[in-house]
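Take a look at the structure set out below.
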Ligand SMILES: Nc1nc2c(ncn2[C@@H]2O[C@H](COP(=O)(O)OP(=O)(O)O)[C@@H](O)[C@H]2O)c(=O)[nH]1
Ligand SMILES: [Mg+2]
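Numbering (the numbering used here), first residue to last: 33 to 376.
Structure representation (C-alpha cells):
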C-alpha cells in the first residue's frame, strides 16, 4: 500500500487532488483539519505496478507498513489522535491497540482501539429503583443543563424522577434548574448541605422516584471543595457523573477527571460536542481517569437531549469521513416553550 497526504483549503478540493493523483481506486484513510486550518486528507492506494517514486514519503518515522496480515494503520491513527490533542503516550498506545488484528479501514482500527482502551456506559435504561445520579464537575461544565436533560428524558418516558439541587448559594443557581423543571411540571427540591441530601435520599429510598442531583461547580484543585463534594456524593449514596466540556485542553481535562474520580465519579458525561472540533480532551479524560463515557450533550437546549457515544462514533469524530453524515447529527428541535440559555 502506498499513501499520500493532500492538503487544500477544503476537503472537497483535497479529494479532487487525490482523485487526480491516485485515480478512482484510492481509499481515504483519514481526513482532518490541520493546525493551520487547512483540510488534510490521507489516502492510500494499492499500486498495480512497482511503487511510484514521486509518492509522498511515509507519514511517520517508521512509515505505514503492510504487515503479513494486512494494513498497518498505526502511523495514521497516531497522527490523527495527536492532531486532536491526545497526549503522545496515549496516542501511541491507542495506535498499537488499533492495529492488531489488522483492520480493514483506519476508522475500524480506531474503533477497535477505543473499544479496547475506553469504557462506554450509557445512563439508559433509567429506572427509578437505581441509585441517585449526582452531577459533578467544574463551574460552567454543563451540569445543570445535563441534569435537566436527564430529568426531561425520564419524564417524557413516564419514569419517576425527582430533580434536586444543592447549588443554593450562587445567585440564580436554583432558579436556573427550576425554570426547566417548572415547564415539565416537576417539583424541584433543594438540599443546601450533605445532611439535607442524606435526608432526601432516605425519604425517597422506598419511593418510585429516582433522584437527579445537580451540584454547585467545584474547583478540583481546592481540597475543601472536593472534600465537601465527596460528602454530598456519600450522603446521596448515589452514582456521581462527572460533567466535562469537550474541546478543552486534553492534559488539563485528564488531570481534572482523575481528581473527580478520586472524589467518587464513576462515569463521564461530555458536553458541548457541538462547539468542539478537537476531541483529544474527551479521550484523555476518559483514559486517564478510567471513567466510562456515559453519553454526550450536543446542544444547549434541554429539549434536544443527550446523544449516545460509542467507540465507532468517537472514531468518526476523530476521523470524519467525507462521504458520511456527521456522526452526531443534530436531533429535531422539540423545544417549544423552553427557556433559552444566553449563549454569550
Ligand atoms: N452549545 C452547547 N452549550 C451547552 C451544552 N451544555 C451546556 N451548555 C451551555 O453551557 C453553559 C453552562 O451550562 P450549565 O449547565 O449552567 O453549567 P454548570 O455550571 O456546570 O451547571 C450554559 O450556557 C449552557 O447552555 C452543550 O452541549 N452545547
Ligand atoms: Mg449549574
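Heads up, the beta-carbon is just placed ideally off N, CA and C, and yes, glycines get one too.
- In this structure, 279 is the residue among 355, 158, 279, 283 with its C-alpha nearest to the C-alpha of residue 305.
- A straight line joining the alpha-carbon of residue 105 with that of residue 159 spans about 42 Å.
- In this structure, DSSP gives residue 63 an extended state, which the three-state scheme calls strand.
- In the DSSP annotation of this structure, the continuous segment of the alpha helix (DSSP H) that includes residue 314 starts and ends at 312-321.
- The alpha-carbon of residue 150 is positioned some 15 Å away from that of residue 121.
- Three or more beta-carbon pairs separated by less than 8 Å link the segment 246-259 to the segment 160-169, which places the two stretches in contact.
- Contact annotation: the segment 137-144 does not touch the segment 322-340, with fewer than three C-beta pairs closer than 8 Å.
- The beta-carbon separation of residue 75 and residue 38, rounded to 7 Å, stays under the 8 Å limit for a contact.
- With contacts defined as CB atoms closer than 8 Å, residue 185 and residue 226 fail to qualify as a contacting pair.
- Closest in alpha carbon position to residue 63, among 351, 358, 360, 164, is 351.
- Burial check for residue 112: the Cβ neighbour count within 10 Å reaches 16 or more, so the residue is buried.
- In the DSSP assignment, residue 351 is bridged to no other residue.
- One alpha carbon belongs to residue 204, the other to residue 210, and they sit about 10 Å apart.
- Between the segment 290-309 and the segment 327-334, the count of C-beta pairs closer than 8 Å reaches three or more; the two stretches touch.
- Between the C-alpha atoms of residue 110 and residue 200 there is a straight-line separation of about 45 Å.
- If you check the C-beta of residue 130 against ligand 1, you find no heavy atom less than 7 Å away.
- 8 Å or more divides the Cβ of residue 232 from the Cβ of residue 183.
- With contacts defined by Cβ atoms closer than 8 Å, residue 316 and residue 119 form a contacting pair.
- Relative to the non-hydrogen atoms of ligand 2, the Cβ of residue 181 never comes closer than 7 Å to any of them.
- Burial state of residue 130 is buried, judged by a 10 Å Cβ sphere holding 16 or more other Cβ atoms.
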